[in-house]
Ligand SMILES: Nc1ncnc2c1ncn2[C@@H]1O[C@H](COP(=O)(O)OP(=O)(O)OP(=O)(O)O)[C@@H](O)[C@H]1O
Ligand SMILES: [Mg+2]
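Chains as they are written, first to last, in our numbering: chain A, 1 to 340; chain B, 1001 to 1251.
Structure (structure tokens):
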């Protein structure tokens, strides 16, 4: 309880001062680095491709599958802010559209099939959450198990060959073009804005951040941390399922192998967008920026005729850079705490 | 030596009877009988691992005692959760920081008790203007002058953080304020401030429990001192009747 009127009084030396300022920027705007990188990459690809990169046709390509990756990234981001992890999103991405397609083929009406499909995802989320918390094991392991379980279920219920979507369903709700983008983009933006508001403006958002930021403190202040985490697990699974279903509406048939490797892309998007692996730090916008970055790199490499296999190399490098700077900032934070 | 009364004193705000707590193998509380009288500041001392924090965790709803009863103003209650303890007027400043470093001061002040507009089932939009306004006032009330309530708790010094924790506890007008080693890692000046604040609790109509390893601080601050060892109460005296040597001898 000192009487200082300035919370950021400059420490004696220069280095911690700079560290402190960087840390402050990172804590308040964790998505900023990703945003700067995004702008730089867009400018770079635009120059290298002689202006083709930002042409309408190419933007269509970039933005076409952004909602699908983006929804998954947003769910993973929120769950990571709450301090947990989900590796099963890629499998749930395939499980929900497979369930929905089979239900539709059984004659279940569209809305009912969608709701049941979301219910299946919710069940996956509940299992992930309950097993993780009940047995106090890392969600990394629980959801790694679920990755196999949900994928296997998808293959089994598909009966070995992909069923076809009925033609008379209102899938235009997601696939219809409006201008350069599909309606799925509006769904994605709407959901992301709502979830962004939830995280920043509601008490539930406060609880999510507190749960990931300091679990013991959140508990001792009476926050129902288990229910908060469960909510995030379920939300993450449902967003992944919805994303997969949107993709299948676009493609016309649910492949059992859909979304393989997506979980790692989603985590990469979240982390590149500034989400801390340890929880408590991150924004929905950051997750979106991360997802856009991945799309931009993917597309830009193709456009500039670099071997497309460099995509994973680029994503991996970015991911490691993001985590390293993340760890460095946290070390700085600890040093600052010792000093004060 | 054990001056505990079998029946609750008439002016007991909180009365614990036969509290037991096991942590798997560890018997952390072995039948604690303790009255906390309204309007006193009770000093709780004891060696590391004596069970002080465990006892106050039972009062603040973080832990549930395995046996025994707790009565608030003569009525036996099951505290069970931190929320219920808070509703009973028990506020706690825990030994280990109960702030979220990545959130602002205003948000930390209201964690779990955010004022909500348009709520539905307990969830809704936070009234952030009100949170900011009340946070500034709460900080001023404990004589803590920070530039803004929007600063992140992670940017504050240890002393400032402790100040925010005290501001939070005071803002919610508790009847009992528990301070578990609140002067750890504080400078001399900041420690003095916390001690002065604790001494002033009764004047504000708040009862206090003050835990410390510093006997001088306890004797300076409290009206009564209770010493624990290995999960039991080994001494319970008015401060006026106890010397520092005696305290050291007991521990
Ligand atoms: N969560 C827990 N799990 C297992 N054992 C615990 C737990 N919390 C406390 N204990 C044990 O209970 C006993 C009492 O611990 P407690 O924290 O109450 O001591 P304390 O008097 O507060 O000590 P200190 O002065 O070091 O804070 C110790 O033996 C401790 O190891
Ligand atoms: Mg303790």
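Glycine included, each C-beta is placed from N, C-alpha and C at the ideal position.
Every value quoted in this text rests on a predicted model; they were computed, and no experiment measured them.
- Taking 7 Å as the cut-off, the C-beta of residue 1180 of chain B counts as close to a heavy atom of ligand 2.
- Of the heavy atoms belonging to ligand 2, at least one sits nearer than 7 Å to the Cβ of residue 1052 of chain B.
- Distance from residue 1104 of chain B to residue 1151 of chain B at the Cβ level is roughly 7 Å; contact confirmed, criterion being Cβ atoms closer than 8 Å.
- If you ignore the 5 residues before and after residue 1145 of chain B, its C-beta comes within less than 6 Å of no other C-beta in its own chain.
- Per DSSP, reduced to three states, the secondary structure at residue 1021 of chain B is strand.
- Inclusion of residue 98 of chain A and residue 142 of chain A in the CB contact set at 8 Å is not warranted, their separation being larger than that value.
- In this structure residue 77 of chain A is not in contact with residue 316 of chain A, their Cβ atoms being roughly 19 Å apart against a cut-off of 8 Å.
- Interface criterion met: the Cβ of residue 222 of chain A is under 8 Å from a Cβ in chain B.
- By the neighbour-count criterion, in which 16 or more other beta carbons inside 10 Å mark a residue as buried, residue 219 of chain A falls on the buried side.
- Close CB contacts of residue 91 of chain A within its chain, under the 6 Å cut and outside five residues either way in sequence, are with 147, 150, 151 (chain order).
- Judged by the Cβ position, residue 1095 of chain B qualifies as a neighbour of ligand 2 at the 7 Å threshold, a heavy atom of the ligand being closer than this.
- Annotated three-state conformation of residue 234 of chain A is helix, per DSSP.
- Look at residue 1224 of chain B here: in three-state DSSP terms it is strand.
- Bridge partners of residue 1229 of chain B according to DSSP: B:1232.
- Just so you know, the alpha carbons of residue 115 of chain A and residue 176 of chain A end up roughly 21 Å apart.
- Residue-level contact check: residue 280 of chain A touches chain B, since one or more beta carbons of chain B fall below 8 Å from its beta carbon.
- In the DSSP secondary-structure assignment, residue 1210 of chain B is bridged to B:1043, B:1179.
- Residue 1162 of chain B has its alpha-carbon roughly 18 Å from the corresponding atom of residue 1176 of chain B.
- A heavy atom of ligand 1 is found nearer than 7 Å to the CB of residue 1023 of chain B.
- Counting every other CB atom within 10 Å of its CB across the protein chains shown gives residue 1204 of chain B a total below 16, marking it as exposed.
- Counting along the chain, residue 65 of chain A sits inside no alpha helix (DSSP H), nor does DSSP assign it H or E at all.
- The segment 1123-1161 of chain B contains, as complete alpha helix (DSSP H) runs of 4+ residues, the segments 1128-1141 (chain order).
- Nearest neighbour of residue 173 of chain A by Cα position, chosen from A:165, A:162, A:186, turns out to be A:186.
- The distance from the Cβ of residue 1229 of chain B to that of residue 1046 of chain B is about 6 Å, consistent with a contact at the 8 Å cut-off.
- A straight line joining the alpha-carbon of residue 1033 of chain B with that of residue 1118 of chain B spans about 45 Å.
- For the pair residue 1111 of chain B and residue 1178 of chain B, the CB atoms are not nearer than the 8 Å cut-off.
- A straight line joining the alpha-carbon of residue 131 of chain A with that of residue 1114 of chain B spans about 30 Å.
- Relative to ligand 1, residue 1026 of chain B has its C-beta within less than 7 Å of a heavy atom.
- Comparing C-alpha distances from residue 1143 of chain B to each of B:1210, B:1058, B:1192 shows the shortest one belongs to B:1192.
- In summary, residue 1091 of chain B is buried, with 16 or more beta-carbon neighbours lying within 10 Å of its beta-carbon over all protein chains present.
- Contact of residue 219 of chain A with chain B is assigned, a C-beta pair being separated by under 8 Å.
- For a cut-off of 8 Å, the C-beta gap from residue 118 of chain A to residue 241 of chain A is around 6 Å, short enough to register as a contact.
- Counting along the chain, residue 103 of chain A sits inside the alpha helix (DSSP H) bounded by residues 89-105.
- Judged by DSSP in its simplified three-state form, residue 1015 of chain B adopts strand.
- Secondary structure at residue 1026 of chain B: strand, using DSSP grouped into helix, strand and coil.
- Listed in chain order, the non-local C-beta contacts of residue 1222 of chain B below 7 Å within the same chain comprise 1041, 1042, 1043, 1210, 1239, local neighbours out to five positions each way being set aside.
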